[in-house]
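A short write-up of the structure that comes next.
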Amino acid sequence: MTSDLSTPAVPDGGTESGGVLDGNAAAGDFAGILAADPTTVTVRCGSCGATQAFGQLQAYLGGPGTVLRCRECEAMVARVARTPQGTWLDISGSSSWLFPRTPDPV
Ligand SMILES: [Zn+2]
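Under UniProt numbering, the first residue of the sequence shown is numbered 1, with each subsequent residue one higher.
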C-alpha cells in the first residue's frame, strides 16, 4: 500500500498578514465609500494632531477590516470593515479630513 504524503503546494507571493503597508494599499477599500479619490485626502490625527496625506498613513490589511494608523503616534485614525449588514467606516480617531477641490470639468 502506497501512502500519498503529498502536501498542498504553497502558493508563491502569498500575502503576509501583519505587514505594514502605506495608505495607498488601503485606498481601494475607501474608494467605494468616499466620493473623492482617497489618495487625494489629507487626514488629521485626532490623537496627536499630525496632518498627513492618506498615502502616508500606515495601513494594516488582512485583519477584521482595514485599519489606518497615524505615522507619528500610531493611533488608529480610520477603519473600514465590511460586514453582512454593510460597510462600517470608523473615523473616530481622526479630527478632520480635507477633501481637496477637484478641478471643474471643462
Ligand atoms: Zn497621531
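Virtual Cβ for every residue (Gly too), placed ideally from N, Cα, C.
Cross-strand partners of LEU98 (DSSP beta bridge): THR42
Exposed or buried, what is THR83 when buried is set at 16 or more other beta-carbons lying within 10 Å of its beta-carbon? exposed
Out of GLN52, GLU74 and ILE91, which one is the CA nearest neighbour of ASN24? Comparing Cα-Cα distances from ASN24 to each of GLN52, GLU74 and ILE91, the minimum goes to GLN52.
Please work out which residues of its chain come closer than 8 Å, Cβ to Cβ, to GLN56, disregarding the five sequence neighbours upstream and downstream, and give them in chain order. ASP22, GLY23 and ARG71
Between PHE43 and TRP88, how many whole angstroms is the CB-CB distance? I'm expecting something under 8 Å. One detail in the question is off: residue 43 reads as Val in this sequence, not Phe. That pair is no contact at about 17 Å.
Delimiting residues of the beta strand (DSSP E) encompassing residue 112: There is simply no residue 112 to check, as the chain begins at 1 and stops at 106 in what is shown.
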